[in-house]
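Here's the structure, in structure tokens; my notes come after.
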Amino acid sequence: MVIKLGKYSISNIGLAGDVCFALEAIKNKSTGAYMACANPHSLVIASKDVLFESALKNADILLPDGTGIIIAAKILGLPCTEKVAGTDFFLGLSRKANEEKRGIKYFFLGSSKKTLKLIEERMKRDFPCIEVCGTYSPPFKAKFSKEENEAMIDAVNNAGADVLWVGMTAPKQEKWIYENRDKLDVPFAAAIGAVFDFYAGTRKRSSGFWITIGLEWLPRFLKEPGRLWERNLKSTPIFLGWVLKEKIKQMMRQE
Numbered sequence: 003m004v005i006k007l008g009k010y011s012i013s014n015i016g017l018a019g020d021v022c023f024a025l026e027a028i029k030n031k032s033t034g035a036y037m038a039c040a041n042p043h044s045l046v047i048a049s050k051d052v053l054f055e056s057a058l059k060n061a062d063i064l065l066p067d068g069t070g071i072i073i074a075a076k077i078l079g080l081p082c083t084e085k086v087a088g089t090d091f092f093l094g095l096s097r098k099a100n101e102e103k104r105g106i107k108y109f110f111l112g113s114s115k116k117t118l119k120l121i122e123e124r125m126k127r128d129f130p131c132i133e134v135c136g137t138y139s140p141p142f143k144a145k146f147s148k149e150e151n152e153a154m155i156d157a158v159n160n161a162g163a164d165v166l167w168v169g170m171t172a173p174k175q176e177k178w179i180y181e182n183r184d185k186l187d188v189p190f191a192a193a194i195g196a197v198f199d200f201y202a203g204t205r206k207r208s209s210g211f212w213i214t215i216g217l218e219w220l221p222r223f224l225k226e227p228g229r230l231w232e233r234n235l236k237s238t239p240i241f242l243g244w245v246l247k248e249k250i251k252q253m254m255r256q257e
């Protein structure tokens with residue numbers, strides 16, 4: 003089900019397994035289950051943010067979202083070979099739910115009204131058996147007021163959604179889900195960040211070629227070096243340094 007990578011329990015059941023887990027949670031109609039993504043940058047940021055660390059550690063599904071996670075697993079001899087990005091999970095769950103005609107309802111929280119409208123329009127074309135029962139564009143700010151937070155929770159709960167997709171960028175989205183999970187009347191929530199823009203078409207995901215060779219990050223970095231330099235040039239080396247230290251400890255224990 004999972005591998006232990008440092009403090010974190012990362013899913014190693016692949017996309018199909020992750021989708022089945024989420025659908026089972028939705029079917030059971032219990033509340034509080036959620037998904038988050040683990041990649042080198044998020045784990046480095048979490049090492050300096052206690053709330054973010056808790057959000058990742060307590061996720062019901064923590065996806066191996068990043069080639070760095072797969073490389074780390076290989077170095078440490080852990081059974082995890084399939085990278086599962088947030089986009090893969092969103093599309094995989096949507097395809098399965100649409101095929102099975104379960105009558106699942108989605109709520110999208112995050113991004114701009116324009117992006118949300120584009121998502122809603124595309125959902126009708128791609129997945130007609132899934133109902134978008136609500137969308138909400140929160141204020142673009144670092145911290146929400148009590149009133150703003152309550153308005154967001156009320157909007158989700160009043161819609162009767164089965165799945166809440168949250169796209170506020172990390173770590174804000176994961177912390178928001180974690181802090182409010184007991185107040186949300188929704189079976190399953192997922193933090194998927196840039197997937198909102200990818201699906202709406204307002205930003206392009208790297209092509210299949212780059213994804214296949216494990217360099218999905220490179221085209222995005224070349225387009226937005228100012229925004230992504232810390233993720234790729236700072237966090238990744240730190241993460242790999244952690245992995246190599248753990249590998250050395252493994253080898254010493256075996257001697």
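With the sequence shown counted from 1, adding 2 to any position gets you my numbering.
Glycine included, each C-beta is placed from N, C-alpha and C at the ideal position.
Spatially closest choice to residue i from the options, by CA coordinates
i	options	result
Asn151	Ile12, Leu186 and Pro66	Leu186
His43	Phe241, Leu246 and Phe146	Phe241
Lys6	Lys31, Lys29, Leu78 and Ile47	Leu78
Cys131	Glu123, Ile106 and Ala40	Ile106
Lys177	Thr33, Ala38, Ile72 and Gln256	Ala38
Asn171	Phe92, Ala144 and Lys9	Contrary to the premise, residue 171 reads as Thr rather than Asn in this sequence. It is Ala144 whose Cα lies nearest to the Cα of Thr171.
Gly19	Thr33, Glu101 and Leu64	Leu64
Tyr201	Glu181, Lys116, Met254 and Val21	Lys116
Gly34	Asn41, Ala24 and Ala40	Ala24
Val158	Met3, Pro189 and Phe146	Pro189
Glu248	Asn100, Leu80 and Glu101	Leu80
8 Å contact criterion, which residue i and residue j should meet: CB distance rounded
i	j	result
Lys50	Asp67	Contact doesn't hold; Cβ gap of about 20 Å is too wide.
Ala74	Tyr36	Not confirmed; about 23 Å, so no contact.
Asp90	Leu17	5 Å
Ala163	Ile179	Contact doesn't hold; Cβ gap of about 13 Å is too wide.
Ile194	Gly169	6 Å
Tyr10	Lys76	No, Tyr10 and Lys76 are not in contact; Cβ-Cβ is about 17 Å, not under 8 Å.
Whole-angstrom distance between residue j and residue i, CA atom to CA atom
i	j	result
Asp128	Asp199	16 Å
Lys206	Ala196	10 Å
Arg124	Gly203	10 Å
Leu120	Ser96	16 Å
Gln175	Ile72	24 Å
Arg183	Leu246	35 Å
Lys98	Lys126	15 Å
Arg255	Trp244	17 Å
Cβ-based burial, residue i [other Cβ within 10 Å; buried from 16]
i	result
Thr238	buried
Thr69	buried
Lys148	exposed
Gln252	exposed
Gly88	buried
Asn14	buried
Thr214	exposed
Asp156	exposed
**OP:** Would you check if there are 3 or more beta carbon pairs closer than 8 Å linking the stretch 92–112 to the stretch 133–152?
**Re:** Short answer: they touch.
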